[in-house]
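Numbering-wise, the working numbering comes out as the position in the sequence shown, counting from 1, plus 61. Only one structure is covered here, and it is reproduced in the block below.
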Amino acid sequence: SHGFVGETTEQAAEAYFAPLKTMMDRIGTERGWPPLERPTYDAGRTLRGATVVGSPEDVAAKILYQHELFDHDRFLIQFTVGSLPHEQTMQAIEFFGTKVAPIVREEVARRREGRQVADSN
């Protein structure tokens with residue numbers, strides 16, 4: 062998934078739109094896709110959308126939602142897109158590792174423990 066982790070939902074959404082649009086519009090021109098518009102981008106940021114963009118809590122919630130559906134062990138996020146400044150990319154990676162990952166690990170462990178207890182009854 063293309064993605065970005067910001068300090069807040071709003072900050073992440075604003076920071077990521079222009080770089081993603083630049084990249085998707087360039088690719089889209091070659092492939093016959095329409096330009097990426099803000100409503101489409103915002104729809105992609107929802108829980109069921111394909112883009113993983115938001116605060117650490119938003120991103121963790123989306124990963125956990127997908128975990129409920131797929132019970133996957135790994136999640137791949139593509140941070141570097143278009144013209145996103147290097148500093149912002151590095152900050153997003155740091156937030157992912159220090160804020161998102163611990164939330165996801167803790168919740169997945171809690172869910173697995175709950176399943177084991179339920180299975181033993």
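Idealized CB from N, CA, C, for every residue including glycine. Owing to the predicted nature of the structure, the values given are computational and were not obtained by experimental measurement.
- Under the three-state reduction of DSSP output, residue 65 falls in the strand class.
- For the 8 Å CB-CB criterion, residue 76 and residue 67 form a contact.
- Residue pairing by DSSP places residue 127 in no beta bridge whatsoever.
- Shown here, residue 120 sits in a helix according to DSSP, grouped into three states.
- Judged by their CB atoms, residue 169 and residue 128 are nearer to each other than the 8 Å cut-off.
- Out of 82, 87, 90, the CA that lies nearest to the CA of residue 101 is found in 82.
- Here residue 139 is bridged, per DSSP, to 63.
- Inclusion of residue 74 and residue 114 in the CB contact set at 8 Å is warranted, their separation being smaller than that value.
- The Cβ atoms of residue 150 and residue 159 lie no closer than 8 Å to each other.
- Residue 89 sits in a helix when the DSSP states are folded into three classes.
- Where residue 113 is concerned, the enclosing beta strand (DSSP E) starts and stops at 113-115.
- Your pair residue 164 and residue 121 checks out as a contact, with CB atoms roughly 4 Å apart and the cut at 8 Å.
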